[in-house]
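Okay, so the sequence shown: first residue is 4 according to the working numbering, each after it adds one. The beta carbon of each residue, even a glycine, is placed where N, CA and C say it ideally should be. Structure, as structure tokens:
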Amino acid sequence: MGVNINMNSTARILLAHHLNKNGTGQDFLTRACAKAFDNYVPFDTGRLKNMMITIDITKITYSAPYAKMQYYNNKGMGKQGESAGGKRGMYWDKRGFIDNRDMIIQTVANFVGGRKG
């Protein structure tokens with residue numbers, strides 16, 4: 004008795020689930036993270052969070068000249084800032100991911116055809 008098993012290559016399986024390197028799964032994850040971080044980015048005029056953001060396949064860049072200063076030194080004193088009971092302030096990516104990780108993971112799992120483990 005013989006058994007033949009025909010399987011697709013690893014690359015083909017990854018591609019079918021959008022998990023190839025720098026593929027649509029990575030782009031989807033990056034955009035889901037940017038969306039989750041949006042409510043955590045300091046907001047004065049809205050320029051930093053709305054106009055000075057670039058989303059590439061593997062990274063999110065806030066390119067305002069003052070972005071680095073806001074990232075490391077923002078005191079969250081604005082009306083939606085941490086000091087006023089809001090979410091906006093420094094380290095917005097880390098806090099945004101911690102607070103939204105389950106939603107991000109579930110959203111990406113749904114996109115790639117998997118499930119949250």
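Extent of the continuous beta strand (DSSP E) to which residue i belongs
i: Ile108; result: Element bounds for Ile108: not the beta strand (DSSP E) but the alpha helix (DSSP H), Trp95 to Val115.
i: Ile56; result: Ile56 to Ile58
i: Ile63; result: Ile63 to Tyr65
Cα-Cα separation between residue i and residue j, rounded to whole angstroms
i: Ala35; j: Lys82; result: 25 Å
i: Ile60; j: Gln29; result: 6 Å
i: Ser66; j: Asn9; result: 49 Å
i: Gly89; j: Ile108; result: 24 Å
i: Phe46; j: Ile16; result: 42 Å
i: Ile56; j: Thr33; result: 12 Å
i: Leu18; j: Met72; result: 40 Å
Among the options, nearest to residue i - alpha-carbon criterion
i: Arg50; options: Gly79, Tyr69 and Gly89; result: Tyr69
i: Thr13; options: Val6, His21 and Asn7; result: His21
i: Tyr94; options: Gly26, Phe40 and Leu32; result: Phe40
i: Val111; options: Ile56, Phe31 and Ala87; result: Phe31
Whole-Å CB distance - residue i paired with residue j, under 8 Å assumed
i: Arg91; j: Tyr43; result: 6 Å
i: Ile58; j: Ala37; result: 5 Å
Opposing strand residues paired with residue i [DSSP bridges]
i: Gly84; result: Arg91
Delimiting residues of the alpha helix (DSSP H) encompassing residue i
i: Lys38; result: Thr27 to Phe40
i: Asn76; result: Ala70 to Asn76
i: Leu17; result: Thr13 to Ala19
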